[in-house]
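A.B. asks: Under the working numbering, think of the first position of the sequence shown as 145, with each following residue one higher. Even for Gly, the Cβ is constructed at its ideal location relative to N, Cα and C. Quick one: this structure, given as structure tokens, is what I'll be asking you about.
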Amino acid sequence: MKKLFFALLLLLGACTPKAFVTIDGPNLVGTDGQPFLIKGTNLGNWLNPEGYMFGFGRATSPRMINEAVCELVGPDEATAFWKAFKDNYITEDDIAFIASTGANTIRLPFHYKLFTNEDYMGLSENQDGFERMDAVVEWCRKYGLYLILDMHDAPGGQTGDNIDDSYGYCWLFESEASQALFCSIWKKIAAHFKDEPVILGYELLNEPIAPYFRNIEELNAKLEPLYKQGVAAIREVDRNHIVLLGGAQWNGNFEPLSDWTFDDKIMYTCHRYGGDTDANAIRSFIDFRDKTGLPMYMGEIGHGTDQWQAEFCKTLEENNIGWTFWPYKKIDNSCMMAYEAPEGWQLVRRFADGQRSSFGELRRSVPDRDSARVALAGLLEAVKFVNCKPQEGYIRSIRLQEPAKVLVLREMGGHHLPFTEAVMPWLRRAALTSGLELTECHSARELGTGFTEAYDAILQLDFPPYPWPEQAQETFKAYLEEGRGGWVGLHHASLLGEFDGYPMWTWFSDFLGGIRYQNYIADLSDGEVFVEQPDHPVMKGLPGRFVIPDDEWYTYDCNPRDNPVIEVLASVDEDTYSRKTAVKMGDHPVVWTNSSLPGRNLYLQFGHSPKLADNEAFKTLLLQSVLWAAGR
Numbered sequence: 145m146k147k148l149f150f151a152l153l154l155l156l157g158a159c160t161p162k163a164f165v166t167i168d169g170p171n172l173v174g175t176d177g178q179p180f181l182i183k184g185t186n187l188g189n190w191l192n193p194e195g196y197m198f199g200f201g202r203a204t205s206p207r208m209i210n211e212a213v214c215e216l217v218g219p220d221e222a223t224a225f226w227k228a229f230k231d232n233y234i235t236e237d238d239i240a241f242i243a244s245t246g247a248n249t250i251r252l253p254f255h256y257k258l259f260t261n262e263d264y265m266g267l268s269e270n271q272d273g274f275e276r277m278d279a280v281v282e283w284c285r286k287y288g289l290y291l292i293l294d295m296h297d298a299p300g301g302q303t304g305d306n307i308d309d310s311y312g313y314c315w316l317f318e319s320e321a322s323q324a325l326f327c328s329i330w331k332k333i334a335a336h337f338k339d340e341p342v343i344l345g346y347e348l349l350n351e352p353i354a355p356y357f358r359n360i361e362e363l364n365a366k367l368e369p370l371y372k373q374g375v376a377a378i379r380e381v382d383r384n385h386i387v388l389l390g391g392a393q394w395n396g397n398f399e400p401l402s403d404w405t406f407d408d409k410i411m412y413t414c415h416r417y418g419g420d421t422d423a424n425a426i427r428s429f430i431d432f433r434d435k436t437g438l439p440m441y442m443g444e445i446g447h448g449t450d451q452w453q454a455e456f457c458k459t460l461e462e463n464n465i466g467w468t469f470w471p472y473k474k475i476d477n478s479c480m481m482a483y484e485a486p487e488g489w490q491l492v493r494r495f496a497d498g499q500r501s502s503f504g505e506l507r508r509s510v511p512d513r514d515s516a517r518v519a520l521a522g523l524l525e526a527v528k529f530v531n532c533k534p535q536e537g538y539i540r541s542i543r544l545q546e547p548a549k550v551l552v553l554r555e556m557g558g559h560h561l562p563f564t565e566a567v568m569p570w571l572r573r574a575a576l577t578s579g580l581e582l583t584e585c586h587s588a589r590e591l592g593t594g595f596t597e598a599y600d601a602i603l604q605l606d607f608p609p610y611p612w613p614e615q616a617q618e619t620f621k622a623y624l625e626e627g628r629g630g631w632v633g634l635h636h637a638s639l640l641g642e643f644d645g646y647p648m649w650t651w652f653s654d655f656l657g658g659i660r661y662q663n664y665i666a667d668l669s670d671g672e673v674f675v676e677q678p679d680h681p682v683m684k685g686l687p688g689r690f691v692i693p694d695d696e697w698y699t700y701d702c703n704p705r706d707n708p709v710i711e712v713l714a715s716v717d718e719d720t721y722s723r724k725t726a727v728k729m730g731d732h733p734v735v736w737t738n739s740s741l742p743g744r745n746l747y748l749q750f751g752h753s754p755k756l757a758d759n760e761a762f763k764t765l766l767l768q769s770v771l772w773a774a775g776r
């Protein structure tokens, strides 16, 4: 609802009073007047090419990459390549996708040369910086996203490494001309966007002053004075927007910043890659935030495992620090959207990373130019949204959406306890990296009115359809019939009949297809499951056939497939049982859903053996089933 409100507000534009994201002590306040926590990604490599995102190891800066392209195909074709690259790499489809993940903010890194007449990405005049930014602003407005403008490459270089396209030193702090140009460009950008509510803020410099230099203390002392110059230039034309100030040494050292009173819209920004995931790992950032009483935002994190990212994002959220992951798109993985290296790209990679420091070396290393042209053209196709692949595990791990809340019904004893105790540790880890928040429940007596309304799905992991008090039965029935949430039931959930003095729960029997439990393989058997509907979301990525070990393979008095509201997704091939048995159904469904209810539901007949904790097909199916049932 907040995203809809924001999109409507921005679309109304000039018809309503302008509202901007602002600060309230250590908090951000959105245009709807509510507390706002940044969650999003970085459009790295689009307007500031970076070598590793092309798979290069030595040609790492924009200048080096452009030099390699020019040497391969000449300056005219390089100009055409860069125009097509900018046209293809980020489009409206990309922004729409980012919004669909639950993100609320994009950080846009850019090179200062996009606002000068210096040679950059194929242009030496009539640079297209505003054209590109304006397009992103309109797309963000359409899809309800905020935008942070980040000067990633400043005049003279602010970092002294590849990421700022410098000559290996942060000359910005030594050059008055570079500082004047830095201020002039920010003033020009601020004048252009001064009334634009999509813009969250201006990040003056990315990762100033790398830790490599002998005069690092001298350089650090020049950081805050330069920030004050830049802010003063912006405030000549724009009093509306937040300014973002990063610490020295990879945005990690805030000791050089001692004055936080010179402007009333300051937010600080930190970066971090790797390390521990608890609050102690970011203690210095938290302490600085608390000392200044101003917001702190993690502008870059990434390139970790899904587990690391999920744990770290949880820590950031608990400590009121928003984040944007780096990057949105790159070659291979560890991003939201990955593209594959095109055919022949290894040829370009070898050339870009080879020795070309003399003209003799250059001539000897140039590959077949037509092959290079094909590879470069292939890259321009590969980076298009339609040809990229979303990294679903990565996206879930960075917690852009509120976690789906899942109630796990499980017994604390009984015949299936070994299965439950084996599977739960994996399930807890998988939930954390998949955007799920689990709450365990051990008694149906707890399922009172209102209790289930807090959950997006119920996982009946190891819990029979008895003994349920009448109130719990009615609550569960309403939960599914009214579409309040989804349900996944395993194995034990279809033990329908009269057991331990409890009557048959008729509604639950009808819900599962009108079945009554009949028999089971007491000595257990392996069985081969075959997927009948591979295109269903819960079956995605599963092999066509997979083995479930040591199960009881319940049989029923009738076949659920014969019920018109039942949709069967998988069955067991009884001819593959590892144990000779007469306990068979012939046609034996084991995964099905009841399509007559608004609440998504799925029954998985297996769930007996602790061996399933090591069965990849089972774990994939169970996790995808819970995500689907929870609407994810």
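Among the residues of its own chain, which have a CB less than 6 Å from the CB of I692, if the five just before and after it don't count?
C.D. replies: G671, V673 and F750
A.B. asks: In terms of residues, what are the limits of the alpha helix (DSSP H) holding N232?
C.D. replies: P219 to Y233
A.B. asks: If the criterion is Cβ atoms closer than 7 Å, does the pair D717 and S753 meet it?
C.D. replies: no
A.B. asks: Start and end of the alpha helix (DSSP H) containing E581?
C.D. replies: No alpha helix (DSSP H) holds E581; the beta strand (DSSP E) holding it covers L580 to C585.
A.B. asks: Apply the 10 Å Cβ neighbour rule to N270 and answer buried if 16 or more other Cβ atoms are within range, or exposed otherwise.
C.D. replies: exposed
A.B. asks: In angstroms, rounded to a whole number, what distance separates the CA positions of P609 and I542?
C.D. replies: 36 Å
A.B. asks: Check whether the Cβ atoms of I239 and Y287 lie closer than 7 Å to each other.
C.D. replies: yes
A.B. asks: Roughly how many angstroms separate the alpha carbons of G218 and E211, rounded to a whole number?
C.D. replies: 9 Å
A.B. asks: What is the rounded straight-line gap between the Cα of R251 and the Cα of E194?
C.D. replies: 16 Å
A.B. asks: Count the other CB atoms within 10 Å of the CB of G504; is the residue buried (16 or more) or exposed (fewer)?
C.D. replies: exposed
A.B. asks: Quick one: give me the first and last residue of the alpha helix (DSSP H) that W452 is part of.
C.D. replies: D450 to E462
A.B. asks: So, is E444 buried or exposed, given that buried needs 16 or more other C-beta atoms within 10 angstroms?
C.D. replies: buried
A.B. asks: CB-CB under 6 Å to E581, same chain, minus the five flanking residues each way: which ones, in chain order?
C.D. replies: P547 and K549
A.B. asks: E676 and L634 look like a contact to me (Cβ under 8 Å); what is the Cβ gap, rounded to whole Å?
C.D. replies: The C-beta separation of E676 from L634 comes to about 19 Å, leaving the pair out of contact by the 8 Å criterion.
A.B. asks: Counting only the same chain and skipping the five closest in sequence on each side, list residues whose C-beta sits under 7 Å from that of A454.
C.D. replies: S541, R543, L576 and T577
A.B. asks: By alpha-carbon positions, which one of L561, K332, V527 and G657 ends up nearest to I475?
C.D. replies: Distance check between I475 and each of L561, K332, V527 and G657 places V527 closest, using alpha-carbon atoms only.
A.B. asks: DSSP three-state label for K549, please.
C.D. replies: strand
A.B. asks: Using the Cβ count rule (16 or more neighbours within 10 Å means buried), how would you classify Q768?
C.D. replies: buried
A.B. asks: Kindly indicate if chain D contains any beta-carbon less than 7 Å away from that of L591.
C.D. replies: Judged by its chain identifiers, the structure shown contains no chain D, having just a single protein chain.
A.B. asks: What are the partner residues of W736, as DSSP defines its beta bridges?
C.D. replies: W736 pairs with V712 and Y747.
A.B. asks: G775 to Y256, Cα distance in whole Å?
C.D. replies: 43 Å
A.B. asks: With burial defined as no fewer than 16 other Cβ atoms inside 10 Å of the residue's Cβ, what is the status of Y646: buried or exposed?
C.D. replies: exposed
A.B. asks: Please go through the same chain and pick out, in chain order, the residues whose beta-carbon is closer than 6 Å to the beta-carbon of A574, but skip the five residues on each side of it.
C.D. replies: L767
A.B. asks: Where DSSP assigns a beta bridge to L172, which residues make up the other side?
C.D. replies: BP columns for L172 point to I167 and F180.
A.B. asks: Over the uninterrupted beta strand (DSSP E) stretch that includes E347, give me the two end residues.
C.D. replies: I343 to E347
A.B. asks: Considering only the alpha carbon of each residue, which of F762, C479 and I182 lies closest to N463?
C.D. replies: I182
A.B. asks: Using 7 Å as the threshold, is the C-beta distance between A761 and L686 below it?
C.D. replies: Their beta carbons are under 7 Å apart, which means A761 touches L686 by this criterion.
A.B. asks: Give the secondary structure of R554 by DSSP, where H, G and I count as helix, E and B as strand, and everything else as coil.
C.D. replies: strand
A.B. asks: Identify which residue in L603, P569 and F652 has its Cα closest to the Cα of A757.
C.D. replies: Of L603, P569 and F652, the residue nearest in Cα terms is P569.
A.B. asks: To which residues does DSSP link H385 through a beta bridge?
C.D. replies: DSSP lists no partner for H385.
A.B. asks: Going by beta carbon distance, what residues of the same chain come within less than 6 Å of T436, once the five residues before and after it are set aside?
C.D. replies: W404
A.B. asks: Return the chain-ordered list of same chain residues with a C-beta closer than 7 Å to the C-beta of C532, the five sequence neighbours on each side being excluded.
C.D. replies: Excluding sequence neighbours, C532 sits near K473, M481, A482 and Y483.
A.B. asks: So for V281, helix, strand or coil by DSSP?
C.D. replies: helix
A.B. asks: From P352 to I602, what does the alpha carbon distance come to, in whole angstroms?
C.D. replies: 49 Å
A.B. asks: For the beta strand (DSSP E) that contains S669, what are its first and last residues?
C.D. replies: S669 to V675
A.B. asks: Given that a residue counts as buried once 16 or more other Cβ atoms are within 10 Å of its Cβ, and exposed if not, what is C457?
C.D. replies: It counts as buried.
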